[in-house]
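First the structure, in the form of C-alpha cells, and then the observations on it.
Number of protein chains: 4
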Amino acid sequence: MEIPLKSYLTEILDRVRDRDSGAVADYIPELAAADPTPLAVALCTSAGRVYSAGDDEREFSIQSISKSFTYAIALQEVGVEKVLGTVGMEPSGEAFNELSLEGGTHRPVNPMINAGAIAVNQLINGEDSSVDARVTVLLDYFSRLAGRELHIDERITGSELATADRNLSLAHMLRSYGVIAGSAADAVTGYVRQCSVLVTVRDLAVMGATLALGGRQPVTGEQVLDPRVCRQVQAVMASAGMYDGAGRWMASVGIPAKSGVAGGLMGTLPGQLGLATFSPRLDSSGNSVRGAEIFRILSEDMGLHLMSALPSTGSAVRSIRTRGPVTVIRLQGGLGFTGAEDFLAAAAAHELTTVRVVVDMRRVSDIDAFGREMVLEGLRRIRTDGHRIAVIDPDHLLGDRRLGDGTTVEETDEVAVEVADEVK
Amino acid sequence: MEIPLKSYLTEILDRVRDRDSGAVADYIPELAAADPTPLAVALCTSAGRVYSAGDDEREFSIQSISKSFTYAIALQEVGVEKVLGTVGMEPSGEAFNELSLEGGTHRPVNPMINAGAIAVNQLINGEDSSVDARVTVLLDYFSRLAGRELHIDERITGSELATADRNLSLAHMLRSYGVIAGSAADAVTGYVRQCSVLVTVRDLAVMGATLALGGRQPVTGEQVLDPRVCRQVQAVMASAGMYDGAGRWMASVGIPAKSGVAGGLMGTLPGQLGLATFSPRLDSSGNSVRGAEIFRILSEDMGLHLMSALPSTGSAVRSIRTRGPVTVIRLQGGLGFTGAEDFLAAAAAHELTTVRVVVDMRRVSDIDAFGREMVLEGLRRIRTDGHRIAVIDPDHLLGDRRLGDGTTVEETDEVAVEVADEVK
Amino acid sequence: MEIPLKSYLTEILDRVRDRDSGAVADYIPELAAADPTPLAVALCTSAGRVYSAGDDEREFSIQSISKSFTYAIALQEVGVEKVLGTVGMEPSGEAFNELSLEGGTHRPVNPMINAGAIAVNQLINGEDSSVDARVTVLLDYFSRLAGRELHIDERITGSELATADRNLSLAHMLRSYGVIAGSAADAVTGYVRQCSVLVTVRDLAVMGATLALGGRQPVTGEQVLDPRVCRQVQAVMASAGMYDGAGRWMASVGIPAKSGVAGGLMGTLPGQLGLATFSPRLDSSGNSVRGAEIFRILSEDMGLHLMSALPSTGSAVRSIRTRGPVTVIRLQGGLGFTGAEDFLAAAAAHELTTVRVVVDMRRVSDIDAFGREMVLEGLRRIRTDGHRIAVIDPDHLLGDRRLGDGTTVEETDEVAVEVADEVK
Amino acid sequence: MEIPLKSYLTEILDRVRDRDSGAVADYIPELAAADPTPLAVALCTSAGRVYSAGDDEREFSIQSISKSFTYAIALQEVGVEKVLGTVGMEPSGEAFNELSLEGGTHRPVNPMINAGAIAVNQLINGEDSSVDARVTVLLDYFSRLAGRELHIDERITGSELATADRNLSLAHMLRSYGVIAGSAADAVTGYVRQCSVLVTVRDLAVMGATLALGGRQPVTGEQVLDPRVCRQVQAVMASAGMYDGAGRWMASVGIPAKSGVAGGLMGTLPGQLGLATFSPRLDSSGNSVRGAEIFRILSEDMGLHLMSALPSTGSAVRSIRTRGPVTVIRLQGGLGFTGAEDFLAAAAAHELTTVRVVVDMRRVSDIDAFGREMVLEGLRRIRTDGHRIAVIDPDHLLGDRRLGDGTTVEETDEVAVEVADEVK
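Residue numbers (the UniProt record's numbering), protein chains in the order written: chain A, 1 to 424; chain B, 1 to 424; chain C, 1 to 424; chain D, 1 to 424.
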C-alpha cells in the first residue's frame, strides 16, 4: 500500500501553484536573481516519517529560519538566564530589520528580529570565539537537527555581506550598548553565514519536528535539545516568528512558524510534527505567499490549529468490571492530567464492592509525571479505603510502582482478569 | 475514594499564600476598598468536573476577563468579518488603557485593550440597541457559559462610572473615527456593566473550559459558541491577553489567559481544561500576583504548557496479528492526523499476506475528520492491493464507512478476531 | 499723498488669488459650508497704523489662533509657574488634534495643540469658574487686544460642539490625569466658544501687533499684556504654532505665526508689527494655502525674516568732534546693547584731548536698560580719566543721569556745541 | 578709557563659577579625562569687536557646534535643494544620538542630530571626495569663519573613533537607505575629524557673529557665507540646536544656539552679535550647565531675547519743517519696513504747503531694499501731488535715486535747509 499523504500534499501544491503574487527578495543580489517558481512542502511526524511533494530536493538558503535554531542552540549552550540577559521575548510589531531595542535594557525585544538574531549569534561558542569556530558549532547543530551534513553557500554569504549596511548598523548599535562585545563586522559575518546554510523542505520539516518533539530528532532518535529549550523557542516563534502579523497568523493558522527571505517557511505543532514549505515569492511582510497559503490549508484540513484541539470524547477509563472477588479498571490512551483525572473521577464515582482491585495499564499509550503521580495516589487512596490493589503494567509505565507512603503496588497478569473484560 | 486534586490545589494555595507583593487596584474606589486576602483556584475538565480550593465561593467582579467572552459573543453573533472590521488581532505591547489604534484603519489593535473592548461591546445586539438590552444579551451568554444565573454588582458599576474619564476618552476617540456609532456615555456604560458581572473562580474555570472545549459548556453540555469562535478568542488571548508581557507569559506559563483588575485570572488549555484564580493584589502590569504564580506552578507541575505537549510514545496501531486467513489491525487512542498517519504507515510497512484484513476500531477513543478520511483512504488502498476489508466499529467512528470510490466497507464483529488478539 | 502700502498689499493678493489648492475644513459642518473665495491681508505697525487689502471687513471665526491669546491671558492672569505646571513648551511634531502628552507629567506638550489649549482654557478665571464667566473674561481680553468689542458666533459654537468627539476625548484624558479639574463637557464648551469669536484680518493684525510690541496695544495705547508674557507666547508660536511644519516655516518664512481652521493666519514680528491673512482653503496640515503664500511673499519682499536682520552698517556714534576746549560725541539711532557698545568702543578708541566732553543724545531714537547703564558707565570712566563730562539729553533718555558712583552728570545745551557739528 | 564690557563679563563668570552640577562627557575617553573647571565667555559685535573673560585662550574641541557650520558650508557649496534632499529641518524632540529619520524619505530630520550631521558632512567636496580633502575644505572654511588658522586635535579624533559604534550604526543605516554613498567608516571619520577642530570662545563668538551678520566675518570683513544660508542655519539652530529642550530654550533664553559635548556653547543674535561660552560639565541633555546659565543671564541683562525686541519709541521721521518755500523732512535711524512706513505715514499726514520738498537722508544709519523702494515711491507720490522734490543723500543710500516712473530725483545740499533745522 502506498501511503496517501504524498498525493494529498501534491494536491495542495496544485491548489496554490497558480498564485503568483509577491516578489522574490530584492535587497540581496543573489536572492534577487532566484527562480521564483519552485514549490515544495514537507512534513515530519513524531515517528520520524517525512512526507513531501514538489521540489522537495531543491536546496535554498535557510535565512531567518535559522534564527529559531540559533536561539535554541544558545539556550541549550549558555542557558536561559544568559540568553534572556541579551535578548527579550516580546513581539515587536515591527518589521524584521527594525532596531526594536527595549527601553531600559537596550536588549533587542526578541530573537526573531535581526538585531536579536545578531546578538544571539554572538552568544554561541563564547565571546572570544572566532567567526569560523562559531559557525562550525552552529553548522554541526543544524546538521544534527536535519539528520544530514548541511553546507553553507558562500556565494550567498558574499552577496549578503556586500549589502549588509542595515545589519552592520544594528551590530554597531548593539555594540554601543554593550549587548555584543565582538566586532560589528564579525557579528554580521557570523549571522550572515548562519543564514546561508542550504536546506530542503525535508530538512526543515525534520528540524521543525525536533523542536515540536521536545528536542528529540525523530529520524535519528538523537536528543539534540532539551524539552524546555524547545518549549521556549516555539513560544517565541508563536508570538514573534511572523513579524508584524503574528496575532493574525496565530488566529488564522495557529501554527508557530518562522519564515526566511529565500522563500522557506517552517512550522511546528508541539508534540506532533514539523512542517515546511518553499516558494520564493514574498508578501510585503517578507513571508512566502504560497508557503503561507499552504500552511493555512494544512491547518484547516488537518485540524492542526494550536487552539482548536478538540476534547477527547472518549475516557481514559475504558471499563470498570467486577467478576467474582475482583474489580478490574482498564485505562487507555495517554495519561497526562486529563487522563489521570478521568481515572480518579471514575474510581471515586464507582462503588467498589470487591476486596481486590486491579488497574490494567496495557492500553495506556503514554503517561507523564503528573499522570503517574495521580494514578499512584489514586491507588493509595483505594487501598486506604480497604481494598487490595494490583496493576497490570508490563511496560512499567508506573515506574517502580512506589506509592506516597513508601509501599509498592503489586503487579499481576492474571488471565482471569483478561477474560472478565473480553466477554463483556 | 476522595479525589486528590482538591488537596493538590490546596497545597498550591499554601505555597503562594504568603506572597503579599502588589496592591489592589486603586483607581476604582469600590475596588480600592477590597479585601486583599482572598485566595482561590479552580479548574474544570473536559468532562465538566470542577476542582477548586480556597475562597472558591467568593464572588468578585469579572472586569477585563469579560473582554474574552464579549469578544467571543460578538464573533458568534455578528460574524468574524464584521468584528475584524472593528477591532484587530495584534498584540499592542502597551498597557490596557492605552489608545492603541491601528495607523490606517483606526481600529483598536485588539479586543483585549479597553479601546477594543469598548468597540466590541458596541457590536452586541445591534447598533441601535439600548445599553440595557445589550447588557441583557451579554449577561445571558455569560450565565450560560458559567452554567448559573450571574448578576451585576451595580455598586461597582457606579464606582467605575464615577471615574471613567479614561474610558470616556477612548470612547469619544472611537466615535471621532467612526469606529463606534452610539454615544460615548452609552458605550462606556455598557462596557462598565459588562465588567461588573460577579463571578467565582468556579464560574471562570467553567467559562474558560467552554472556550477550551470548542464552545461546548462541559457541565451543562450546551454548545454555547462555535469551535472557530473559541479558536480565535484563545489565539487572541495568547497574543494579547496579558497586556505588555504576553511574550514572556506564553514562554514561561504557556496558557492563554486573561486577567481582571479585581484580581481574577482565567486560562484555557485547548481541548483540555479551563483554569481560574482569584487574588486581588496586582503587579504593575495589572495582573494578579498570586494568581500568576499559581498559573506558573500548575503549568510546571501538570505539564500544561501549550508548547510542551510531549509526543505520544505509543502508536495508534496497537497490534497487527494474522491468524489463519485474516489479519487484524487494532487501532487505539485518538485518531487525528498523528494517529491516522500511524495507521497508514503501519499498514504500508506490514506485508499483508491474508486475503482478509480487519481493522478493529474499538479502542479508538476519538477521531476527527482528517483521521476518518485517512483511515477510509487507507482501507480503500488495502482493498486496491487485492484484500477483502472489514471494520469492527460499534461506535460508528467511521461514520457511514463510505470510501472515496463510493463503496462501503463491511462491518464485522467476529469472535475469532477477538480471540486472535487476546491470546497473544 | 496716499500711502502706497495698500496698493502693495493689493498686488500681493493678486499674485496669490488664483491658487485654489487645498480645501475648507470639513469636520465642522458650519465651516464646511463656508465660501472658499474670500481673501484678505492686513498689517499693523508699531505706531498702530493698520494697512489692509481684499476682504478685510469680512468676519470669520478665530479658531486655533485664539490659542496664542488665551495662552497669553493665562500667563498674565495666573503666572508662568502655574501655566507651566499645566502645559509644556516643546514642539510636538504632530497634528493639532493629537494627544501629545509628556511622558512623566502628562502635561500636553504645548498650548498650540488642542489638548494643550483645552487645558489652558481651564486656567482662566479659576477652577470653579462657570464656562460663561470664563468666556466673558476671554472675550473681554480679546476685545481689548483688537481694540473693538468682539462677539461669538453661536452657530459655529453649536456646530463644533456637535462634532466635538475628538476634543471630548482629549478633555476626558486630561481629566483622567488630573490636568484639568472641571467637567470634560465644560472644558470643551469653553474652548469651542473661545474658538468661535469673530474677527477680521485687521483685528488679527492689531492683536498680533500687541504681542509683537510687548503687550502694548498700538492703536489704543493700552498695555494689555506684560512684555515677558508676549515674549513667551511668541517663542512658543515660533516652535509650535504651525504644527508639524514648524521647522520648515521658521526656516523659510521666519515669522512666528498661528493658523486657524477657518482660514485665518496671524503672525508677529517682535518689536515691529503684526500680520494677518484670511483665505479658507487649507493644506493637509490645516494651514491656509494662500495665507501661507502671502506670508512667504511678505517675508521675502519686506525682509521680515526673524533670522535675517541685517547688521546696521551705520554706527550709533554719529561723530566725535573737537572745537576749542570741548569734544562732542553725537549718538544716534537705537541704543540697545549694540549701540551702547558702539559708543563705548568709539570713546575708548578716540584720544580725548580736551577737558570737556559732551555727549549729545538728541539723535538717539530709543534706549533700553542695558544701553542706559553702559552709556552712564562710559561717562563715569571718561570722567575717571580726568575729563569734565556733560550730556545734551532733552528727552531724558538717560533718566536721572546718575552714575554708578552716586554722582549725577551735568546737562547742557550749548549752542556752541551745535555749531561745532553742523559746520563740518 | 577702558571699555566696561570685559568687567561686566567677568562679573557674570563669577556669578556662575560655583555651579558644579553636571559632569564631563564620559563616552569619549579623551573628553572624560578633561579638566571640568575652565570657564570662559566671549561675544563679538557686528563691528567685529570681541569681548571676553575667563579662560578665553583655552582651546577645546568644537564637537557638535561644528554641525551648524558644516550645514552652512553645505548650503553654500551644494545649494539648498540638494541639502534638503539629504536632511530635513524639523525638530526631533530626541537626543542627539538618536536615529530620527523621516518616515517616507528616510532623511535625518535635521542637521543637528548626529545622523543628520554625518549625512551633511558627506555633501562637502563631492561624493567622491577623500576624507582628507573633505576635512581640508571644512577646516579652511572654519578658519576663515574664525579669522585664524584652526587645527584638528588628532588625539580627540582617535579617541572618538575608538568609541564610534553609535555613529557607525547611524552611518550604515544612512547607507542602507541611500542617504549617503561613501563608506560608513569614511563618513564617520570625516564627521569625527570635523568635531575635533580646536577653538576658543573667542573663535566661536566670531564664527557665530558671522552667521548672525549675514555671512560677513566682522573682523576680517570677508563675506564667507550668503545671507540666505545664514538665515536658514540660524532658523534650524533655533528649532533644533538645543536637542530635546529647544522649545524651553527659545522661550527662556531666546538665542539660537548650538552646544558641543566638550563644553562649548555658541549663540547668534541675528543682525547683532555672536556669543560663546566654555565650561565642560554637561547636563543630562548634553548642554554645558554653566554655559547655559551664562546665556540666560546675558539674555536677561542685555535684552538679547529674540522675541523681546522692544519697539522703537522714536520715529524714522526726525522732523518736518517748513521755512519759506521749502519743507524739509529729516529721516533718521534704520530704514527697513518700519522706518520707511514711518516716513510714508508722516508724509501722508502732513499737509505739505510748499512747492519744494526736501528729504534729508543724512541721519539714516541703514536702509534695505524694501525701505529704499518705499522712500522712492513716497517721493514719486509727493511729486505727483504737485511738489518739486529733492534729497540730501551724500552716502547714496537711495542708490541712483530712480523712481518707478523712470525719472530721477534731484540731489541737493543747500545750507539753507540745514539752518532751517538747526535753529528749531
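A virtual CB, placed ideally from N, CA and C, is assigned to each residue, including glycine. Because the structure is a prediction, the values reported are computed rather than measured.
Residue-level contact to chain D via CB, residue i, 7 Å cutoff
i	result
C/Ala347	yes
A/Asp165	yes
C/Ile297	no
C/Arg290	no
Chain A contact for residue i (CB, 7 Å cutoff)
i	result
B/Ala133	no
B/Arg381	yes
D/Met173	yes
Separation of residue j from residue i, as counted between CA atoms
i	j	result
C/Val419	C/Phe343	Residue placement at C/Val419 is flagged as unreliable, the pLDDT there being 47, under the threshold of 50; the coordinate-derived value follows with that caveat. If I take the Cα positions, the gap works out to 21 Å.
A/Gly190	C/Ala25	55 Å
A/Lys424	B/Thr157	Interpretation of A/Lys424 is limited by its pLDDT of 36, a score under 50 that renders its predicted location unreliable; no figure is taken from the coordinates.
C/Leu101	D/Pro91	17 Å
A/His151	A/Val131	16 Å
D/Phe370	C/Met302	5 Å
D/Asp413	D/Ile329	13 Å
Three-state secondary structure (DSSP) of residue i
i	result
A/Asp360	strand
B/Pro108	strand
D/Thr338	helix
B/Ser203	One detail in the question is off: residue 203 of chain B reads as Asp in this sequence, not Ser. The answer is helix: DSSP assigns B/Asp203 an H, G or I state.
A/Ile180	coil
C/Asp366	strand
B/Gln234	helix
Within-7 Å CB hit, residue i to chain B
i	result
A/Gln234	yes
A/Glu90	yes
A/Phe69	no
Neighbour flag for residue i against chain C, beta carbons, 7 Å
i	result
B/Ser176	yes
B/Leu335	no
D/Gly368	According to the sequence shown, residue 368 of chain D is Asp rather than Gly. Interface residue, yes.
D/Met1	yes
Near the ligand ZN: residue i beta-carbon under 6 Å from a heavy atom
i	result
D/Val109	With respect to small molecules bound, the structure shown includes none, and the ligand ZN cannot be examined in it.
Next item on the list: Specify whether the segment 338-356 of chain D and the segment 368-387 of chain D touch according to this definition: at least 3 beta carbon pairs, one from each stretch, less than 8 Å apart.
Entry: yes
Checklist line | the segment 333-348 of chain B touching the segment 52-70 of chain A, judged by at least three CB pairs closer than 8 Å | finding: no
Check: Whole beta strand (DSSP E) runs in the segment 36-89 of chain A with 3 or more residues, listed along the chain?
Finding: 40-45, 50-54
Note to self: With three or more beta-carbon pairs closer than 8 Å as the criterion, would you say the segment 64-76 of chain C touches the segment 231-241 of chain D?
What the structure shows: no
Check: Pairing CB atoms from the segment 314-329 of chain A with CB atoms from the segment 34-46 of chain A, are three or more of them under 8 Å?
Finding: no
Check: Three or more C-beta pairs closer than 8 Å, one from the segment 115-124 of chain D and one from the segment 202-214 of chain D: is that the case here?
Finding: no
Next item on the list: Let me know the alpha helix (DSSP H) ranges lying completely inside the segment 258-326 of chain C, each 4 residues or longer, listed in chain order.
Entry: 289-302
Notebook entry, point to check: Between the segment 181-188 of chain B and the segment 264-276 of chain B, do at least 3 Cβ pairs fall closer than 8 Å?
Noted result: no
Check: If we count Cβ pairs, one from each stretch, closer than 8 Å, do we get three or more for the segment 213-224 of chain A versus the segment 253-261 of chain A?
Finding: no
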